[in-house]
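Peer 1:
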Amino acid sequence: MSTQTYEAETFRKLQPQEYLRKFLLKEVRPDGRELKQFRQTTVNLGCISTTNGSSLVRIGNTTVVCGIKAEVSVPKQTSTKEGYLVPNVELSPMCSPKFKPGPPSEHAQVLSENINRLLKSASILDLNTLCIHEGSAVWVLYADIVCVNYDGNVFDACVIGLITALSNVKLPKATFAEEEGLVKATEELLIPLNLSRLPYPATFSIFDGQYLLVDPTEVEESVAHEVITIICDEAGQICTVWKVGGISCTPKHLEKCISIARERYIEIAAIVENEEKSNNLI
Amino acid sequence: MNVQFLFPKPPPSIEEVKDADGDIDMLLKSQRQKFETKVVTPGEVIAKDTQYMRGHGTYLDENETHLASVAGVVERVNKLITVRPLNTRYTGNIGDLVIGRITEVSNKRWKVDINSRQDAVLLLSAIHLPGVQRRKTEADELQMRKFYSEGDLLVAEIQGSFQDGSSSLHTRSLKYGKLRNGSFLIVPPTLVQRTKSHFHRLDCGVDVTLGLNGYVWVSKPSSRVLNEMSEDDSEYIYSNENEPIGKDAREAIARVCNCINALSKSYMSITDTTISYAYEASLNFSVKEILKLESIELIANQTKQRLKA
Amino acid sequence: MADRRRIQGPEVSVAPIILKSPNKIQLLDENLCRRNGRNLEDIRSIYLKTGLISQANGSAFIELSKTKIVCGVYGPRQTKIPAFSGKGNLNCEIKFAPFSCPKRRPPYRDSQEKELSQLIYEALTPSIRLDLLPKSTIDIYITILENDGTASCLAAAITCASVAVADAGIEMLDLVPACSASYINGQIFMDSDLIEEKRESGSLVLSYMPSLKEITHILQSGEVELNLTSQAIEQCTDSCSKIYSIMIDSLLLPIQNMK
Amino acid sequence: MSSSLISPSELDYIIRGVDDNLRADGRGRLDYREVILETGLIFQANGSARCRLSKGTDVLVGVKVEIGSIEIDGTDEEVAAVKAKRGRVVCNVECSPIASQQFAGRGADDINNELTQLVDRVLNGPQGGLNLEKLCIIPGEECWVVYIDALVLDYGGNILDLIFMTIRAALYNTRVPKTVIEEDKEVEISDDVEEWERIEGWELVPISITLNKIGTRHIVDATVLEELATKAKLSVMVNKNGKICGIQKIGGGSIEHGLLNEMMQTGRSIGQNLILNLDKMLQKEDEINAERAKNDKIGFFAAA
Amino acid sequence: MRYVTPGTRLCFASEYEAGPGTYEREEYIYSSVVGIVQEFIPTVSTNTGEEKKQSKIITVSKEKHQSSIPDVGNIITGKVIRMTTREAVVSIMVVGNIPCKDDYQGIIRSQDVRATEKDKVKIIESYRLGDIVKAEVISLGDARSYYLSTAKNEYGVIYAQSVAGAMMVPISWQNMQCTKTKAVELRKCAKPEDLFSKNQ
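Chains as they are written, first to last, in the numbering used here: chain D, 13 to 294; chain C, 17 to 325; chain R, 43 to 301; chain Z, 195 to 498; chain E, 4 to 203.
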């Protein structure tokens with residue numbers, strides 16, 4: 013560790029904006045990536061045996077674990093066949109110095125809410141398929157997403173984690189014993205969920221109103237205020253577009269984002285498929 | 017390592033308070049008047065005479081009658097009537113000798129717990145600085161923990177009081193300063209009387225410092241005679257090192273401590289005389305036996321008798 | 043009262059009753075071999091890796107077959123405690139991920155987590171040179187991703203946290219490996235898993251500084267004869283020494299590979 | 195009050211005193227203070243006791259026995275089958291803010307949780323002594339729930355030992371009503387106080403002996419100042435038969451391997467002795483209580 | 004090269020003196036960090052010219068640096084985050100050359116701004132919010148803040164923005180000029196040194 017790296021570190025700490033600007037002038041990012049390059053992404057399915065479905069997603073250093081547990085409850089009176097799908101994101105103080113212990117921070121609330129909205133608006137899972145016995149018993153899927161390392165673009169990691177964990181879910185065969193009012197289930201987990209579509213996201217930051225940074229790291233996120241997220245599905249259709257913070261972005265940027273997001277979809281789908289294949293082999 | 021279990025003893029009922037000589041005194045209210053110490057409860061009439069002046073712990077009703085506002089002992093100095101509370105936090109008076117514990121080091125001052133309603137303040141300018149008479153410097157300001165640090169015990173004099181009622185202390189004498197070589201006790205502040213000196217050397221070779229705030233320090237006498245001008249000595253007064261204490265000395269300190277506790281439990285005033293009497297009375301017991309309730313009672317009774325004699 | 047900060051599910055939900063195949067679980071076979079092929083005194087194989095959390099000053103990940111624990115260490119950083127202290131302050135918090143146990147855990151901190159945090163704090167404090175860190179706080183955050191035996195989880199969390207503290211470059215007296223044992227029918231099962239733990243009559247968790255031969259924590263429950271306790275303590279200290287070498291490797295291998 | 199501060203010279207005095215086997219109050223390393231004991235002082239409870247150390251800690255324990263439902267854990271049938279036949283013990287320890295300034299506000303939260311968990315763990319397992327199966331009324335449905343609430347009223351060191359002592363005394367004092375199960379599974383509780391019984395197994399309720407490591411040695415029954423000088427505490431829970439019912443290190447600091455064994459031995463022998471004395475006292479207390487019941491009692495805290 | 008972890012016994016205490024990264028317990032010296040063992044003989048020149056035999060010092064140089072914490076005598080760099088008439092509050096971001104993971108709080112009291120004419124110092128004429136300041140730690144201070152001093156030539160503001168939002172350059176030890184509007188503002192400047200030159 014030479015003195016020079018220290019000085020660069022010092023500079024980065026004191027003048028983060030200037031620091032990033034100097035890199036971008038040379039069309040390169042502080043971690044050596046090109047502007048439109050995603051970090052290496054890996055998905056690990058079924059890694060937690062206490063769940064009905066689980067997934068570990070890493071995008072560069074960013075790591076999230078999503079575990080889905082199925083429990084039984086009574087359906088709402090208004091929709092007697094509908095089950096529940098409850099996603100929650102936990103940003104513990106372990107994953108970044110930014111977070112403090114206690115109830116979910118605003119940031120975590122925003123992530124949970126956005127994911128919940130995505131699930132509903134894109135109707136990924138028909139909640140009627142979670143019915144065990146109409147009017148008496150339905151499945152509740154608790155999808156808890158725990159962030160282990162927060163190095164930017166956690167939203168992408170959370171969505172990929174949730175979607176892949178959902179596709180990994182296996183439910184037991186359950187019957188409702190009417191006289192006892194209990195649900196009894198088999199020991200083996202067999203029944204997968206029937207997901208209507210598998211959307212995957214891509215997130216971008218805009219720095220200084222001109223640089224489009226794909227898959228921003230934590231350092232980049234902290235200085236670039238405009239964030240655009242595009243979620244598309246296997247047909248290349250756009251499920252959601254979010255733009256948060258900053259002032260505005262040009263249509264040109266948006267177009268570019270959409271085309272990159274489509275490419276990204278193919279990339280993730282391939283990674284997931286590979287993982288599923290190797291999982292099935294075991 | 018036997019553990020002793022006891023049953024609680026019921027309190028002596030008023031009708032049965034035994035005098036030292038074994039007679040039963042009927043302490044009816046009318047008879048109580050005869051006693052010099054008069055114990056009152058809040059709201060009790062102290063005096064109906066309007067010639068008296070109203071002091072602490074009393075108030076006047078619309079009939080100009082003096083009533084007690086606290087539970088305690090009535091005291092009268094000429095025309096001033098006060099009630100000294102039986103159990104209270106200490107209220108600082110200028111010139112009082114107190115023992116305190118540092119609770120906080122802040123800008124140019126220490127906060128000191130003196131069993132009072134508020135922590136007292138010890139200003140950096142009010143301590144004896146190491147070296148020959150000198151002014152405090154900025155260097156002193158930055159290293160205040162070299163003198164006193166959180167938790168340290170010290171003996172000091174009350175110099176004055178602030179608007180909010182808290183006291184300011186000073187240790188500008190070699191008598192005052194950090195406490196070492198001994199053991200710390202807390203007794204009700206009302207049991208410690210104001211006397212000419214609060215530093216006592218008992219016959220058994222133990223030093224007792226009685227803070228008027230009810231904090232008491234029992235220690236082995238220092239072997240070092242301090243000299244105001246000596247550079248070494250002024251460093252020494254802020255040292256945290258104990259001198260070696262032999263087993264005998266330790267036992268004597270423990271015995272004195274236990275005697276003071278016995279006195280405070282029996283609600284007897286704590287002076288060098290009572291401590292000496294109690295000490296002598298305690299010699300029939302081993303040190304740890306003085307912790308027992310029955311021995312405490314015996315020691316207290318013997319001390320009472322000697323005081324009367 | 044509904045917590046608006048989380049997405050709420052239904053008010054009540056329960057795990058379904060699982061119809062089990064009736065065969066009884068045999069803890070030991072005729073060769074005194076356990077279900078997973080271990081002997082009584084064997085511990086599970088350990089995977090331990092440092093530096094998983096790039097955001098933290100130090101971090102570690104431990105895996106004991108199914109048990110998975112991550113730990114991040116932050117600090118020394120400025121303490122939030124208002125009083126001055128010439129010594130550093132250590133803060134431990136352990137959290138079970140909601141999906142980590144057979145039964146779903148609530149997302150907020152429960153009293154078991156508070157107690158475990160306290161135990162880990164007590165186990166690690168003796169090993170950290172807090173006197174060198176005035177006015178500072180070290181925060182240790184631990185997340186249990188999967189729990190396969192609570193006593194062994196506690197032990198693994200201590201081990202993991204100790205490595206993470208060393209990984210943060212914080213000065214320590216020694217690493218603190220920890221190990222657990224279960225008392226089942228008068229026998230000592232080292233490092234028991236969840237199924238064994240449910241059948242135990244008592245358990246022991248011990249953390250130990252092997253170089254200094256000092257015990258930093260001990261927690262035993264169950265009614266046990268004194269000599270069986272002594273025997274279990276011996277076995278645990280032995281296992282701790284084994285874990286110790288794994289801890290050293292996990293810290294040194296990345297450096298040696300780098301050079 | 196600066197109750198958690200101690201000066202370096204006081205520390206040194208205490209450590210050297212422990213070394214010399216002569217503590218600040220004249221006690222040896224393994225001397226206990228006198229304990230003042232009282233039972234049956236809360237009439238609303240099924241059992242109660244209060245213990246005080248001669249100048250310091252004061253603990254009041256109330257035991258209440260109520261009918262509750264048996265909780266079923268669906269994940270492991272074998273374990274659930276055992277649990278279905280058992281009653282429950284629920285413990286709670288609370289350090290009252292009147293005991294010490296450090297318990298004011300939220301200051302007692304941590305210590306309350308720690309003590310509650312510790313006491314609960316010891317009394318709820320098989321080592322707790324109480325025969326939980328006898329507390330079962332209808333298997334799988336209803337059982338007696340024993341609520342043990344300990345309140346620390348004054349703090350002069352060594353809380354844990356005193357809590358366990360008081361709990362044992364309170365459980366001795368506890369009587370559980372008789373129940374009759376009627377045909378329609380309704381539970382009838384007998385009103386005849388004479389028929390009420392002690393909880394089976396109270397004799398085996400463990401007590402704790404806390405050993406404080408000061409310097410290189412250890413002491414029992416530490417005072418507040420001695421606790422501040424303590425590097426590590428080891429609590430050893432012991433029952434009448436001399437079996438170890440729990441060991442826990444409390445506080446920062448470590449214990450040498452050799453010392454640990456020594457401390458466990460000491461804890462066990464002192465503990466057995468303590469139980470013996472405590473039981474003698476409890477039996478005497480029964481006689482006194484019977485006597486007392488004839489007179490009206492006034493002044494709950496009057497006795498000195 | 005010998006790599007060690009905390010708790011590794013290095014040598015007898017009689018052979019060496021325990022240096023940084025090590026500690027002494029009973030008759031041994033142990034490592035207290037993860038790192039490489041090094042030893043050296045300190046070169047001490049005694050002014051009396053006596054040949055003093057120095058014992059060898061054993062150290063373990065940290066392989067991974069602990070997040071730095073300020074100590075008395077350290078040079079720190081930080082940002083002014085709050086000001087009163089008596090002091091400027093600085094968020095300490097870098098200690099020596101090592102950035103802190105989390106910022107510490109320090110204060111520069113008015114008497115510590117400069118070495119001369121201390122009574123005439125006005126905080127507002129020395130620092131402004133957002134200035135990057137280089138200073139020395141002079142005391143661990145109170146419960147909240149470290150005490151800092153800029154009473155030396157090389158300490159003071161090293162980077163500041165003008166009212167117009169542009170960068171400013173120092174023109175004397177107490178003046179800085181805006182690069183855009185050429186307006187002059189008051190600052191206690193650090194004697195310029197090429198701090199960031201390597202990156203520019």
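For each residue, glycine too, the CB sits at the ideal point set by N, CA and C. All figures in this text were calculated on a predicted structure; none of them were measured in a lab.
For N103(C), which of K324(C), R271(C), Q318(C), K281(C) has the nearest alpha-carbon?
Peer 2: Answer by Cα proximity: K281(C).
Peer 1: By a C-beta neighbour count over all protein chains shown, 10 Å radius and 16 as the cutoff for buried, is Y6(E) buried or exposed?
Peer 2: Classification for Y6(E): buried.
Peer 1: Could you check what DSSP says for H82(C) in three-state terms: helix, strand or coil?
Peer 2: In the structure shown, H82(C) sits in a strand (DSSP, three-state: E or B).
Peer 1: Name the residues in the segment 266-293 of chain R whose C-beta lies less than 9 Å from a C-beta of chain A; which are they?
Peer 2: Absent here is chain A; the protein component of the structure consists of chains D, C, R, Z and E.
Peer 1: Which residues does DSSP list as the beta-bridge partners of H186(C)?
Peer 2: H186(C) pairs with E173(C).
Peer 1: In the DSSP assignment, what residue or residues form a beta bridge with H216(C)?
Peer 2: DSSP, once it has assigned bridges, lists V224(C) as partnering H216(C).
Peer 1: Give the residues of chain Z in contact with M251(R), contact being defined as C-beta atoms less than 9 Å apart.
Peer 2: By Cβ distance, chain Z contributes S448.
Peer 1: Could you please give the first and the last residue of the uninterrupted beta strand (DSSP E) stretch that includes G79(D)?
Peer 2: Here the beta strand (DSSP E) through G79(D) covers 74-85.
Peer 1: For A186(E), which three-state DSSP category applies?
Peer 2: In this structure, A186(E) counts as coil in the three-state DSSP scheme.
Peer 1: Where DSSP assigns a beta bridge to Y162(E), which residues make up the other side?
Peer 2: Looking at the DSSP assignment, Y162(E) forms a beta bridge with I135(E).
Peer 1: Can you list, in chain order, the stretches of the beta strand (DSSP E) that have 3 or more residues and sit fully within the segment 92-155 of chain E?
Peer 2: Listed in chain order, the complete beta strand (DSSP E) runs (minimum 3 residues) inside the segment 92-155 of chain E are 101-112, 135-142, 149-152.
Peer 1: By a C-beta neighbour count over all protein chains shown, 10 Å radius and 16 as the cutoff for buried, is I200(R) buried or exposed?
Peer 2: Buried, because 16 or more other Cβ atoms sit within 10 Å of the Cβ of I200(R).
Peer 1: How far does the beta strand (DSSP E) with G198(C) in it reach, from first residue to last?
Peer 2: First-last of the beta strand (DSSP E) with G198(C): 198-202.
Peer 1: So that I know if they touch, is there some Cβ in chain C lying closer than 8 Å to that of R12(E)?
Peer 2: Cβ-Cβ to chain C under 8 Å: no for R12(E).
Peer 1: Does chain R have any CB closer than 8 Å to the CB of G299(Z)?
Peer 2: No, G299(Z) does not count as interfacial toward chain R.
Peer 1: Check whether the segment 213-226 of chain C and the segment 224-236 of chain Z touch, using three or more Cβ-Cβ pairs below 8 Å as the test.
Peer 2: Segments in contact, no.
Peer 1: Anyone know if the C-beta pair for Q277(R) and E83(R) falls short of 8 Å?
Peer 2: Cβ distance < 8 Å, so Q277(R) and E83(R) count as in contact.
Peer 1: Rank I253(C), R271(C), T287(C), I269(C) by C-alpha distance to the C-alpha of L207(C) and give the top, closest one.
Peer 2: Among I253(C), R271(C), T287(C), I269(C), the Cα nearest to that of L207(C) is on T287(C).
Peer 1: Which whole-angstrom value describes the C-beta separation of V414(Z) and L405(Z), a residue pair presumed to lie in contact below a C-beta threshold of 8 Å?
Peer 2: Confirmed, about 6 Å.
Peer 1: If you draw a straight line from the alpha carbon of G133(E) to that of P173(E), how long is it in whole angstroms?
Peer 2: Their Cα atoms are separated by approximately 16 Å.
Peer 1: With a threshold of 8 Å, are at least 3 pairs of Cβ atoms found where one atom belongs to the segment 147-166 of chain R and the other to the segment 115-127 of chain R?
Peer 2: No: fewer than three Cβ pairs fall under 8 Å.
Peer 1: Does the beta-carbon of N64(D) have 16 or more other beta-carbons within 10 angstroms, so that it is buried, or is it exposed?
Peer 2: Classification for N64(D): buried.
Peer 1: Give the interface partners of S122(C) over in chain E, defined as CB-CB distance under 9 Å, in chain order.
Peer 2: Per Cβ cutoff of 9 Å: D145, A146.
Peer 1: Near S133(D), what residues of its chain come up, given a Cβ to Cβ distance below 8 Å and the 5 sequence neighbours on each side ignored?
Peer 2: The residues are C251, T252.
Peer 1: For the alpha helix (DSSP H) that contains H237(D), what are its first and last residues?
Peer 2: Unbroken run through H237(D): none, as it is neither H nor E.
Peer 1: Strictly below 9 Å CB to CB, what residues from chain D border P102(E)?
Peer 2: By Cβ distance, chain D contributes Y18, E21, T22, R24, K25, L26.
Peer 1: Can you have a look at W176(E) and say buried or exposed, based on whether 16 or more other CB atoms are within 10 angstroms of its CB?
Peer 2: Exposed: under 16 other Cβ atoms inside 10 Å.
Peer 1: Compare the C-beta of S243(R) with all C-beta atoms of chain Z and state if any pair is closer than 8 Å.
Peer 2: For S243(R), the answer is yes, since a Cβ of chain Z falls inside 8 Å of its Cβ.
Peer 1: Run through the segment 219-264 of chain D for me and flag every whole alpha helix (DSSP H) of 4 or more residues, listed as ranges in chain order.
Peer 2: Taking only runs of at least 4 residues, the alpha helix (DSSP H) segments lying wholly in the segment 219-264 of chain D are 230-235.
Peer 1: Suppose the cutoff is 7 Å on Cβ atoms and the five residues either side in sequence are ignored; what does the same chain contact list for Q134(C) look like?
Peer 2: Within the same chain, Q134(C) has close Cβ partners D180, G181, S182.
Peer 1: Taking the continuous beta strand (DSSP E) assigned at F50(D), which residues delimit it?
Peer 2: Unbroken run through F50(D): none, as it is neither H nor E.
Peer 1: A275(Z) by DSSP, collapsed to three states: which one?
Peer 2: Helix at A275(Z).
Peer 1: Roughly how many whole angstroms lie between the Cα atoms of G409(Z) and E29(E)?
Peer 2: Going from the Cα of G409(Z) to the Cα of E29(E) covers about 15 Å.
Peer 1: Scan the segment 219-248 of chain Z and note each continuous beta strand (DSSP E) run of 3 residues or more that stays entirely inside, going in chain order.
Peer 2: Counting whole runs of 3 or more residues, the segment 219-248 of chain Z contains the beta strand (DSSP E) stretches 229-233, 241-247.
Peer 1: At which residues does the alpha helix (DSSP H) containing K269(C) begin and terminate?
Peer 2: The amino acid occupying residue 269(C) in the given sequence is Ile; Lys does not appear at that position. 263-281 is the extent of the alpha helix (DSSP H) around I269(C).
Peer 1: Mind pulling the chain E residues with CB within less than 8 Å of L158(C)?
Peer 2: Correct list: I141, S142, Y150.
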